[in-house]
Amino acid sequence: MKGLENHVKFIIGRTNFYSKKKYTEDNTIMAWQVGNEPRTFTPENEAKFTVWLNNIVDLIDSLDKNHLISTGSEGKNSSNDSMEIFERTHQNPNIDYLTMHIWPKNWNWFKADNAEKTLPTTLENAGKYIDDHIKVANNLKRPIIIEEFGLPRENENLSAASSVANRDIFYNYIFGRVAESVKNNGPLQAANFWGFGGEGKAINKDGKWNPGDPLTTDPPQEPQGLNSVFSSDKSTLKIVKDYNLKLKK
867 MKGLENHVKF
877 IIGRTNFYSK
887 KKYTEDNTIM
897 AWQVGNEPRT
907 FTPENEAKFT
917 VWLNNIVDLI
927 DSLDKNHLIS
937 TGSEGKNSSN
947 DSMEIFERTH
957 QNPNIDYLTM
967 HIWPKNWNWF
977 KADNAEKTLP
987 TTLENAGKYI
997 DDHIKVANNL
1007 KRPIIIEEFG
1017 LPRENENLSA
1027 ASSVANRDIF
1037 YNYIFGRVAE
1047 SVKNNGPLQA
1057 ANFWGFGGEG
1067 KAINKDGKWN
1077 PGDPLTTDPP
1087 QEPQGLNSVF
1097 SSDKSTLKIV
1107 KDYNLKLKK
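Numbering-wise, the sequence shown is residues 867 to 1115 according to the working numbering.
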């Protein structure tokens, strides 16, 4: 714990080398996050996990009063498939907003080789997942964001030339839920798609990344291009742009 606490203090105490702004006073930073998908792993760990989570959240709050704090949780999937555990571990008032992630392929909702059958159930499952987390957000009186979501291209093809029709349907649904909530002053306030791969591309057929290869948005342990939205994916980028313009109004 001491090593982690020292690292948190080091990062938050830094000054931006280029702008000369202290991180604690830098308005280009929106929020601090405890980690990427911290998990209880077993129900028996809940009490100790909650103490650990609260300690880090409170430490961040003591070091920086100018920025928001979230945990980085996937939501139910990080909480032993229990909404009750998710709610109990997020009681700390210093947690400014809640997070959830939605990964249909990883959670076996969506099968690329049977997209016609599994895409409708994917949307149904995503809707229920969102609804369950909105209930907790209402209970805790906090906003919530869909911090990560993504879907592979047709047949999990890694090429930028392959179809993104199924992904576009999924993106449109997720952003539509956000827009609906914002319009009705609901707790679901934003969504971050995973993710923009720009001009990157997979070099190897199996998508394996090697040092020196172009960077996509996919981590090196996953096939490059699996969830990347490339600069050539005009239909997907139009969905992202249109909903952002709608949310600005």
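Glycine residues also receive a C-beta, built at the ideal position from the N, C-alpha and C atoms. Predicted model only: the values in this text are computed from it and were never measured.
Does the beta-carbon of residue i have 16 or more other beta-carbons within 10 angstroms, so that it is buried, or is it exposed?
{"i": "ASN932", "result": "exposed"}
{"i": "TYR1037", "result": "buried"}
{"i": "GLY1091", "result": "buried"}
{"i": "ALA981", "result": "buried"}
{"i": "VAL917", "result": "exposed"}
{"i": "ASP1099", "result": "buried"}
{"i": "PRO986", "result": "exposed"}
{"i": "THR881", "result": "exposed"}
{"i": "HIS956", "result": "buried"}
{"i": "HIS873", "result": "exposed"}
{"i": "PRO1077", "result": "exposed"}
{"i": "LEU1006", "result": "buried"}
{"i": "ASP997", "result": "exposed"}
{"i": "LEU1111", "result": "exposed"}
{"i": "PHE915", "result": "buried"}
{"i": "PRO1085", "result": "exposed"}
{"i": "PHE1096", "result": "buried"}
Less than 8 Å separating the beta-carbons of residue i and residue j?
{"i": "ILE1105", "j": "PHE1041", "result": "yes"}
{"i": "ASN1093", "j": "GLY1016", "result": "yes"}
{"i": "MET966", "j": "ILE1010", "result": "yes"}
{"i": "ASN1032", "j": "ASP979", "result": "no"}
{"i": "ASN927", "j": "ILE878", "result": "Per the sequence shown, the amino acid found at residue 927 is Asp instead of Asn. No, the Cβ-Cβ distance between ASP927 and ILE878 is not below 8 Å."}
{"i": "ILE951", "j": "THR908", "result": "no"}
{"i": "GLU1013", "j": "ASN1058", "result": "yes"}
{"i": "ALA1003", "j": "PRO959", "result": "no"}
{"i": "SER1101", "j": "VAL1030", "result": "yes"}
{"i": "ALA1045", "j": "TYR1109", "result": "yes"}
{"i": "LEU1024", "j": "GLY1073", "result": "yes"}
{"i": "LEU1113", "j": "VAL1048", "result": "yes"}
How close, in whole Å, do the beta carbons of residue i and residue j come, if the pair is a contact with beta carbons under 8 Å?
{"i": "ALA1026", "j": "LYS971", "result": "Going by Cβ atoms, the distance from ALA1026 to LYS971 rounds to 18 Å, so no, they are not a contact pair."}
{"i": "LEU934", "j": "TYR963", "result": "6 Å"}
{"i": "ARG1019", "j": "ILE961", "result": "Not a contact, Cβ separation roughly 35 Å."}
{"i": "GLU912", "j": "ARG954", "result": "7 Å"}
So is the beta-carbon of residue i under 7 Å away from any non-hydrogen atom of the ligand COA?
{"i": "SER1047", "result": "No copy of the ligand COA appears in this structure; indeed no ligand is present at all."}
Sufficient close CB pairs (3 or more, under 8 Å) joining the region 937-951 to the region 875-894: These segments do not touch.
Is it true that the region 973-983 meets the region 1050-1064, where meeting means three or more beta-carbon pairs spaced less than 8 Å apart? In this structure the region 973-983 does not lie against the region 1050-1064, because fewer than three pairs of beta carbons, one per stretch, are closer than 8 Å.
Please give the ranges of any beta strand (DSSP E) in the region 1031-1088, keeping only runs that are unbroken, at least 3 residues long and fully inside the region. The qualifying runs are 1054-1057, 1062-1064.
Return the chain-ordered ranges of every alpha helix (DSSP H) run that is complete within the region 968-1017 and spans a minimum of 4 residues. Whole alpha helix (DSSP H) segments, 4+ residues: 981-1006.
Segments of 3+ residues assigned as beta strand (DSSP E) that fall wholly inside the region 923-975: Counting whole runs of 3 or more residues, the region 923-975 contains the beta strand (DSSP E) stretches 934-936, 964-968.
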